[in-house]
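Presented below is the structure to which this report refers.
Numbering (my numbering), first residue to last: 2 to 325.
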């Protein structure tokens with residue numbers, strides 16, 4: 002009887018172990034998705050005459066959105082991206098917000114002797130804080146009551162303006178609305194297209210976003226970039242001190258100093274994190290290059306320097322050093 006009892010317990014133990022091994026594992030959190038903004042391609046805007054009145058080579062996105070076909074295409078493309086889990090920034094909302102920044106150009110020019118320029122697209126990405134721009138263009142060919150539409154879609158890193166991926170598609174000849182023709186033409190490649198976006202964004206999460214910083218010396222600055230300074234018992238030039246700060250704060254210490262004079266210091270390929278801690282509670286928030294570089298202010302204040310930062314888009318910032 003005792004043997005039968007032990008065999009029964011062994012059987013129950015084995016059964017429980019098997020049940021535990023077949024339980025579905027706890028699902029992992031979904032991968033983070035980049036924020037997308039769908040915009041008309043620059044070449045399309047120029048070819049369609051959707052340009053600034055005073056500059057025929059500068060796209061006017063307000064005019065582009067007055068084109069019903071383009072508005073429908075942007076709306077449907079945004080819907081396709083959203084169906085795949087990508088958060089969206091609305092182009093019209095970003096344009097409306099920009100209207101509150103009418104003095105931006107004057108501010109940007111005055112702080113760095115006319116060198117700083119920010120075009121409309123850079124302003125849009127800064128205001129919208131989009132990670133990826135999806136540029137879209139199309140051409141329509143009519144066959145009586147039917148239309149055939151060719152689409153070109155490219156993904157652009159909003160911080161660097163570098164192309165991530167691009168696809169082209171063509172619809173069948175049909176009397177369907179243009180938004181329906183768009184969906185027909187892009188469904189064949191949309192998974193590859195979004196896959197390239199996600200791989201790029203995963204790299205940004207792991208290795209930081211790429212951007213650039215330009216430091217300039219104001220007329221009231223007590224130092225220039227060749228001035229000697231001391232830190233922790235070591236002496237070197239101000240540009241070397243800033244190199245030290247960049248090495249300590251850039252992701253994996255990754256950056257390239259690509260130009261230096263007594264009054265100007267330039268960095269490219271600066272890898273900065275997508276997120277940082279906000280003040281007053283320290284909750285995580287998305288940051289741009291300006292947000293990354295701002296903490297250098299307290300560091301340089303020890304050397305009698307004041308710092309003014311000016312963002313250009315989300316991946317570039319000017320830093321003007323002056324006196325206290």
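Every residue, glycine too, gets a C-beta built ideally from N, C-alpha and C.
Residue range of the alpha helix (DSSP H) that includes residue 43: From DSSP, the alpha helix (DSSP H) with residue 43 extends over 43 to 48.
Among the candidates 325, 301, 287, whose CA atom is the shortest distance from the CA of residue 36? The closest CA to that of residue 36, considering only 325, 301, 287, is found on 287.
Taking the alpha-carbon of residue 144 as reference, which of 163, 172, 67, 261 has the nearest alpha-carbon? Of the residues 163, 172, 67, 261, the one whose Cα lies closest to the Cα of residue 144 is 172.
Residue 299 to residue 73, Cα distance in whole Å? Inter-residue distance for residue 299 and residue 73 is about 48 Å (C-alpha atoms, whole angstroms).
At 4 residues or longer, and completely inside the segment 146 to 194: list those alpha helix (DSSP H) runs for me, N to C. Within the segment 146 to 194, the runs of alpha helix (DSSP H) that reach at least 4 residues and sit entirely inside it are, in chain order, 179 to 187.
State the start and end residues of the unbroken alpha helix (DSSP H) segment that holds residue 243. First-last of the alpha helix (DSSP H) with residue 243: 239 to 250.
Of the listed residues 54, 202, 55, 60, nearest to residue 43 (C-alpha basis): By alpha-carbon distance to residue 43, the top candidate from 54, 202, 55, 60 is 60.
Around the Cβ of residue 311, are there at least 16 other Cβ atoms within 10 angstroms (buried) or fewer (exposed)? So residue 311 counts as buried.
By the three-class DSSP mapping on this structure, what secondary structure does residue 104 have? The predicted model places residue 104 with a pLDDT of 46, which falls under 50 and marks its position as unreliable, so this point remains unresolved.
Check whether the Cβ of residue 81 sits closer than 6 Å to any heavy atom of the ligand NAP, and report yes or no. Ligands are entirely absent from the displayed structure, and the ligand NAP is therefore not among its contents.
Would residue 1 be called buried (16 or more neighbouring beta carbons within 10 Å of its own) or exposed? The chain is shown from 2 up to 325; residue 1 falls before or after that span and cannot be answered.
Option in 150, 162, 165 with minimal Cα separation from residue 185: Among 150, 162, 165, the Cα nearest to that of residue 185 belongs to 150.
Taking the alpha helix (DSSP H) that residue 259 belongs to, which residues open and close that run? Looking at the DSSP string, residue 259 is not in any alpha helix (DSSP H); the run it does join, the beta strand (DSSP E), is 257 to 261.
Nearest to residue 270 by CA position, among 280, 38, 212, 52, is which residue? Nearest neighbour of residue 270 by Cα position, chosen from 280, 38, 212, 52, turns out to be 212.
Local conformation of residue 98 per DSSP, three classes: Three-state result, residue 98: helix.
Start and end residues, alpha helix (DSSP H) containing residue 297: For residue 297, the uninterrupted alpha helix (DSSP H) segment begins and ends at 297 to 302.
Backbone secondary structure at residue 264 - three-state DSSP: In the structure shown, residue 264 sits in coil (DSSP, three-state: anything other than H, G, I, E or B).
Compute the Euclidean distance between the alpha carbons of residue 230 and residue 273, then round it to the nearest angstrom. The alpha-carbon separation between residue 230 and residue 273 amounts to approximately 26 Å.
Residue 58 lies in the alpha helix (DSSP H); which residues open and close that run? Membership of residue 58 in any alpha helix (DSSP H) is not indicated; the residue belongs instead to the beta strand (DSSP E) covering 56 to 60.
Answer yes or no: do residue 210 and residue 301 have a C-beta to C-beta separation smaller than 7 Å? Cβ distance not < 7 Å, so residue 210 and residue 301 don't count as in contact.
Tell me which same chain residues have a C-beta within less than 6 Å of the C-beta of residue 169, skipping the five on either side of it? The answer, listed in chain order, is 153.
Short of 7 Å in beta carbon distance, which residues of its chain neighbour residue 254, apart from the five on each side in sequence? Order them along the chain. The answer, listed in chain order, is 248.
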